Amino acid sequence: MSVEQLLKSITESIELTSSSLDNVVAYLEDSEKVPELVQSLAKESESTQEIEGVSLLSLKNNSMLSYINNLLVILGSRISLMKDGDTEMFDNAVKNSIVQRVALDRGVKPLEKKLNYQLDKLVSAYQRREKEQNDASEKVQEMVNNNASEDSENSEDEDEGLNYRPDASAFMKKDSKQETSEKDEDDGKYRPPKIAAALPPQTFSESDTTQKRRRNLQSMDEYLEELSEAPAVETSIGSTIVDKGRDMKTRRQLEKEAEIQRYEEENFTRLPASQLKMSAKEKRKKKQNEFFGEDWSMFDNSRDVTTEKKRKRLSAWERAKRRKD
Numbered sequence: 330m331s332v333e334q335l336l337k338s339i340t341e342s343i344e345l346t347s348s349s350l351d352n353v354v355a356y357l358e359d360s361e362k363v364p365e366l367v368q369s370l371a372k373e374s375e376s377t378q379e380i381e382g383v384s385l386l387s388l389k390n391n392s393m394l395s396y397i398n399n400l401l402v403i404l405g406s407r408i409s410l411m412k413d414g415d416t417e418m419f420d421n422a423v424k425n426s427i428v429q430r431v432a433l434d435r436g437v438k439p440l441e442k443k444l445n446y447q448l449d450k451l452v453s454a455y456q457r458r459e460k461e462q463n464d465a466s467e468k469v470q471e472m473v474n475n476n477a478s479e480d481s482e483n484s485e486d487e488d489e490g491l492n493y494r495p496d497a498s499a500f501m502k503k504d505s506k507q508e509t510s511e512k513d514e515d516d517g518k519y520r521p522p523k524i525a526a527a528l529p530p531q532t533f534s535e536s537d538t539t540q541k542r543r544r545n546l547q548s549m550d551e552y553l554e555e556l557s558e559a560p561a562v563e564t565s566i567g568s569t570i571v572d573k574g575r576d577m578k579t580r581r582q583l584e585k586e587a588e589i590q591r592y593e594e595e596n597f598t599r600l601p602a603s604q605l606k607m608s609a610k611e612k613r614k615k616k617q618n619e620f621f622g623e624d625w626s627m628f629d630n631s632r633d634v635t636t637e638k639k640r641k642r643l644s645a646w647e648r649a650k651r652r653k654d
């Protein structure tokens with residue numbers, strides 16, 4: 330792009346700016362009615378009321394407007410300088426713009442930084458107050474709606490209360506036809522009430538018998554308990570020692586004691602000591618299954634093994650035959 334073209338574009342832009350300024354001046358001079366906003370601003374500026382001070386926001390707005398005005402004056406003076414060569418207006422506009430710029434940078438900005446917290450606080454307080462007013466109006470509207478709904482509910486309750494009023498027809502004399510029909514119904518025959526049949530509660534259950542029949546191996550239970558990581562309840566130390574330390578209670582004995590305790594607590598009674606002691610058969614079986622304090626009933630031998638072997642009783646013919654022999 331050559332210098333001649335650049336200068337040509339600059340001159341064209343200056344001419345367009347001057348024409349726009351002339352149009353603005355002509356519009357202001359020719360217009361009979363000034364806009365309402367301009368009139369209100371003029372009235373406020375011409376008011377003779379004494380003001381204690383100038384607010385920061387108004388000072389900032391006025392300084393910004395004057396700065397923009399001075400920039401426009403500079404542009405207009407440039408145009409007039411190119412035409413007439415008058416530099417006085419241009420110098421005054423430049424000085425005024427410099428003054429306004431210094432007032433903005435050194436006067437308004439530091440004050441704005443200092444008062445920024447208070448301004449934000451005032452704005453938030455105004456917003457909070459506006460929100461509270463809106464909430465209060467909504468609550469009042471809700472209360473009005475609730476009162477209307479309560480009135481409708483009260484009217485419905487009154488209507489429902491009338492349903493339980495005494496029946497006036499009960500005080501009237503019955504007709505002869507109704508009395509004869511009631512007598513026909515009461516013929517003197519006993520009719521049992523129609524009640525659904527129900528069995529009495531039973532304490533016996535098949536699950537108890539199946540659990541008694543199914544005997545788990547104690548060694549397998551102990552092995553599974555050792556492998557599992559689930560928490561288990563252990564008896565207190567020394568409570569399982571019997572026979573002066575020569576023996577320990579097995580799992581089955583502990584389960585039997587727990588069953589006896591449960592029965593006594595549920596029935597509020599004490600079993601006699603003879604039932605709590607082991608019988609001779611149980612002692613003999615315990616000796617067979619236990620060895621060195623360990624329970625060896627893992628083979629689940631439920632046969633009644635005794636040391637004495639009973640011989641089968643012979644018949645009379647076999648005894649007579651033996652005598653002959």
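Quick note on numbering: the sequence shown equals residues 330 to 654 in our numbering.
Glycine included, every Cβ here is placed at the ideal spot set by N, Cα and C.
Predicted, not measured: the structure shown is a model, and the values here were computed from it.
With 16 or more other Cβ atoms inside 10 Å of its own Cβ, S406 counts as buried. Judged by DSSP secondary structure, L440 falls within the alpha helix (DSSP H) whose first and last residues are K438 to K443. DSSP, reduced to helix, strand and coil, places D516 outside both helices and strands of the structure shown, so it counts as coil. Take T346, set aside five residues on each side of it, and the residues of its chain with a beta-carbon closer than 7 Å to its own are L404 and I408, in chain order. Per DSSP, I566 lies in no alpha helix (DSSP H) segment and is marked neither H nor E.
The count of Cβ pairs closer than 8 Å, one atom from the stretch 430–447 and one from the stretch 384–396, reaches three, so the stretches are in contact. For L583, the enclosing alpha helix (DSSP H) has its first and last residue at R580 to N596. Beta-bridge partners of D576 (DSSP): V571. Going by C-alpha positions, K468 is about 10 Å away from N474.
DSSP places L643 in the coil class of the three-state scheme, outside both helix and strand. Secondary structure at R599: coil, using DSSP grouped into helix, strand and coil.
For E611, the uninterrupted alpha helix (DSSP H) run begins and ends at A609 to N618, by DSSP. Ranked by how close their Cα comes to the Cα of V562, the residues M577, L583, R599 and K573 have L583 in first place. The Cβ atoms of T564 and M577 lie no closer than 7 Å to each other.
Three or more pairs of CB atoms, one per stretch, sit closer than 8 Å, so the stretch 418–438 contacts the stretch 394–401.
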